[in-house]
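Below: one structure, written as structure tokens.
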Amino acid sequence: MSNIDNNTFISNYSAVGQKQLFTELTLEEGAVIQGGTLFYLGNKAGIGVNYNINGQKKYLAPNAEVKYSFSRSPVVVYDSKIGPGYEPVVVKLVQGRNNFDRNGNDLILGTDIVPNFNATPKS
């Protein structure tokens, strides 16, 4: 028995079993314990998208999806102009699935149901 196993066995008289002490939590389990909410961000635009989420620079490949856990709705900043020019937009994600998509030469970010028309241009 290793020292970790031995110390755990000797000191473990709680309701948590020995094997559970070193189990990794899934993102969903961690979100529940920390009081967080899950936000999914997908890319249906057919092009790679650079964005900032709560101040962190990220990249999302076409047809990819990432999962985030935050206690409050994260803020996403991205360039809504496809091609030359730069038109930054600020959007708060909604709980559940959010997707980048395109409308002509505009990159939009909305839910699976409707585009987010509450997106505000960044001044």
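Residue numbering for the sequence shown is 60 to 182, as defined by our numbering. Here a beta-carbon is modelled for each residue, glycine too, at the ideal position from N, C-alpha and C. These numbers were taken from a predicted model, which means no experiment stands behind them.
Reduced DSSP category for residue i - H, G, I as helix; E, B as strand; rest coil
i	result
E124	strand
S73	Here S73 scores only 48 on pLDDT, less than 50, and its place in the model should not be relied on; the value that follows carries that caveat. In the structure shown, S73 sits in coil (DSSP, three-state: anything other than H, G, I, E or B).
V153	coil
N65	Legend: pLDDT at N65 = 48, less than 50; position of this residue unreliable, value from coordinates given subsequently. N65 falls in the helix class under three-state DSSP.
R161	strand
Y137	strand
F98	strand
Y145	coil
I112	strand
Distance CB(residue i)-CB(residue j) smaller than 7 Å
i	j	result
D160	K103	yes
N101	N158	Looking at the sequence itself, residue 101 is Gly, so the reference to Asn does not match. In this structure, N158 lies closer than 7 Å to G101 by Cβ.
V190	P147	No statement about residue 190 is possible, as the shown extent of the chain runs from 60 to 182 and does not include it.
S130	G155	no
Delimiting residues of the beta strand (DSSP E) encompassing residue i
i	result
K117	Q115 to L119
I167	D165 to T170
Whole-angstrom C-beta distance between residue j and residue i, which should lie under 8 Å
i	j	result
P133	I112	5 Å
F98	Y127	5 Å
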